[in-house]
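Trainee: Numbering (my numbering), first residue to last: 1463 to 1754.
1) Which first and last residues belong to the alpha helix (DSSP H) in which residue 1744 is found?
2) In the DSSP output, what is residue 1514 paired with across the bridge?
3) Report the option in 1739, 1743, 1744 and 1734 whose CA atom is closest to the CA atom of residue 1476.
4) So, with DSSP's three-state summary, where would you put residue 1622?
5) Suppose contacts are defined by Cβ-Cβ distances below 8 Å. Is residue 1605 in contact with residue 1639 by that definition?
6) What beta strand (DSSP E) runs, 3 residues minimum, are completely inside the region 1556-1640?
7) Quick check on residue 1652: does DSSP put it in helix, strand or coil?
8) What is the rounded straight-line gap between the Cα of residue 1562 and the Cα of residue 1692?
9) Between which two residues does the alpha helix (DSSP H) harbouring residue 1658 extend?
10) Tell me, which residues are paired with residue 1677 by DSSP?
11) For residue 1628 and residue 1577, what's the separation of their Cα atoms in angstroms?
12) Within this structure, are the beta carbons of residue 1705 and residue 1649 separated by less than 8 Å?
13) Can the beta-carbon of residue 1688 be found closer than 8 Å to that of residue 1610?
14) Can the beta-carbon of residue 1600 be found closer than 8 Å to that of residue 1656?
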């Protein structure tokens, strides 16, 4: 048995088509949805990722401005930039890209992103709204996992889903999204002990811990659907997930690849969220309906 690969690329294309349709409708109404990406690092992989967002936005008809404040920017500088962008009607979505300069904490800054422009669900208010089932943008990576499960008709209602990792970017918001879909959700972390104790009996395993090869074939069963959220940069510049694909693929029922899995869907959702944020801020342009 070999796990079937759940490629995110076809789904990403569908979502990007939705974003393009919304951007076109907004442009016809006189507004180009525009995203601001704030960068404060020299990390080459971060700059590569940001440029990929810029290219995808351009192809969807969405504006994208990269605001590089320098790797030595202070917290005060970043707060001022986020406040200005939040108040500027020319920008409809804002992303604060990590990593940040040493000593600058993400949670000290994201609260300055206006909730209506918080397209990656970074502001604590967005997470709070998500927790109580109110309207808010979920972090794009967390939503990407749910979209992949839906796209491949993998049910979660009443089934056991294990999320490995409890970050506010993926693990925590994803657990909330899964609960909304009636999944029986368990969140594992560094103090949980051997993963196999939880993951081997799970119907769906989502790994988002940021550790290369964390989940191995001994941790899954032949009915397991494994979603690999990890994007770890190796010494040769290539990407690897949190799943040891060589040992998991011969065992599991299905597996998302890295690259080409969750990451491609995440980028497409950031564009869709930007278009949706612009439409909500204008409150006048209807949403185009596309077949999925």
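Just so you know, even glycine gets a beta-carbon here, dropped at the ideal spot from N, CA and C. Small disclaimer: the values here were computed from a predicted structure and weren't measured.
Mentor: Straight from the coordinates:
1) Per DSSP, the unbroken alpha helix (DSSP H) holding residue 1744 starts and ends at 1724-1744.
2) The secondary-structure analysis by DSSP pairs residue 1514 with nothing; it has no beta-bridge partner.
3) The shortest C-alpha separation from residue 1476 is found at 1734.
4) In the structure shown, the three-state DSSP call for residue 1622 is strand.
5) Less than 8 Å divides the Cβ of residue 1605 from the Cβ of residue 1639.
6) Whole beta strand (DSSP E) segments, 3+ residues: 1622-1626.
7) Residue 1652: coil per DSSP, three-state reduction.
8) The straight-line gap from Cα to Cα measures roughly 19 Å.
9) Run containing residue 1658: 1658-1661, per the alpha helix (DSSP H) assignment.
10) DSSP, once it has assigned bridges, lists 1705 as partnering residue 1677.
11) If you take the alpha carbons of residue 1628 and residue 1577, they lie about 22 Å apart.
12) With respect to residue 1649, residue 1705 sits apart: the two C-beta atoms are not nearer than 8 Å.
13) No; because the gap between Cβ atoms is not below 8 Å, this pair is not in contact.
14) Contact: no.
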